[in-house]
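With the UniProt record's numbering applied, the sequence shown covers 1 to 195. From the three backbone atoms N, C-alpha and C, an ideal C-beta is built for every residue, glycine too. Keep in mind it's a predicted model, so treat the numbers as computed, not measured. The structure under discussion appears below in the form of structure tokens.
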Amino acid sequence: MVKPENLGRIIDEHPFFQGIDAPLRELLIGCAANERYDAGQFLFRQGQSAEKFFLIRAGTVAVEIDQPGRPPIIIETIAEGDIAGWAWMVAPYQSTFDARAMNLVRALSFDAQCLRRKMEVDPALGFEVMRRFVPVMAHRLAAARLQMLDLYGPTKKPKAAKPAKPEKAEAKSKGKNRAADARLEKATGKKKKDG
Numbered sequence: 001m002v003k004p005e006n007l008g009r010i011i012d013e014h015p016f017f018q019g020i021d022a023p024l025r026e027l028l029i030g031c032a033a034n035e036r037y038d039a040g041q042f043l044f045r046q047g048q049s050a051e052k053f054f055l056i057r058a059g060t061v062a063v064e065i066d067q068p069g070r071p072p073i074i075i076e077t078i079a080e081g082d083i084a085g086w087a088w089m090v091a092p093y094q095s096t097f098d099a100r101a102m103n104l105v106r107a108l109s110f111d112a113q114c115l116r117r118k119m120e121v122d123p124a125l126g127f128e129v130m131r132r133f134v135p136v137m138a139h140r141l142a143a144a145r146l147q148m149l150d151l152y153g154p155t156k157k158p159k160a161a162k163p164a165k166p167e168k169a170e171a172k173s174k175g176k177n178r179a180a181d182a183r184l185e186k187a188t189g190k191k192k193k194d195g
């Protein structure tokens, strides 16, 4: 088990919580634990209860969308200095992606229920955590959208018809209208004037 003072140092050194006030850091320490994941292990799975979020300290994590019967779609690859998991903040608290260790991953995890309770009691903590998470959420959604566009591509617009050259268009028009002109002449007894 990592000592609380070491957890505080880890939180201070991680870019996500860099500069957080000491009293707020102390509240975070009470919800934190040090974890390790071997290559291929999942930090969390799509559709499962979102019980934690992670500060990635070392290693690489693939944020993926599972496709039954097909390889997963990798939305983003995150590494040291990043965070994984934001679904713990939004009811119904279910993970929207998979997070799979691509190699040995060391992370600081935060218990979601513990942190939500503390955020409800201390609005300053809630504001600080939300302020830091919202850009991450927006970034992950944008990454998912771009990945989907890459996979499925934009819909192709039909090619616009090329305008005919004026002299060719006029010749075609005269050819098509000869029969109509002949019928008109026969019906009225008057010949159509050219031009």
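Check                                                                                                                                                                         : Outcome
List, from N- to C-terminal side, the beta strand (DSSP E) runs of 3 residues or more that fit wholly inside the UniProt domain "Cyclic nucleotide-binding" (16-117).         : 32-37, 42-44, 52-58, 60-67, 70-79, 98-101, 105-111
Among Met-148, Leu-149, Leu-141, Glu-128, whose alpha-carbon lies nearest the alpha-carbon of Ile-20?                                                                         : Glu-128
For Ile-56 and Ala-84, which I take to be in contact (beta-carbon distance under 8 angstroms), what is that distance rounded to the nearest angstrom?                         : 6 angstroms
Smallest Cα separation from Ala-143: which of Val-90, Ile-78, Met-119, Ser-109?                                                                                               : Ile-78
Determine the direct distance from the alpha carbon of Phe-53 to that of Ser-109, and round the result to whole angstroms.                                                    : 6 angstroms
Within its chain, find whatever has a CB closer than 6 angstroms to the CB of Asp-82; leave out the 5 residues flanking it on each side and keep chain order.                 : Ile-56
Express the C-alpha separation of Glu-51 and Pro-92 in angstroms, rounding to a whole number.                                                                                 : 11 angstroms
Looking only at its chain, what residues have a beta carbon closer than 6 angstroms to the beta carbon of residue 199, apart from the 5 residues adjacent to it on each side? : Lying outside 1 to 195, the shown extent of the chain, residue 199 is not represented and no answer is given.
Roughly how many angstroms lie between the CA atoms of Leu-104 and Phe-44, to the nearest whole one?                                                                          : 15 angstroms
Measuring CB atoms only, is the segment 94-103 touching the segment 6-19, in the sense that at least three cross pairs come out at less than 8 angstroms?                     : no
Within 10 angstroms of the Cβ of Ser-173, are there 16 or more other Cβ atoms? Answer buried if so, exposed if not.                                                           : Bear in mind that the predicted position of Ser-173 carries a pLDDT of just 48, short of 50, making it unreliable; the figure below should be weighed with that in mind. Ser-173 is exposed by the Cβ-count criterion.
CB-CB under 7 angstroms to Leu-125, same chain, minus the five flanking residues each way: which ones, in chain order?                                                        : Leu-24, Leu-27, Lys-118, Met-119
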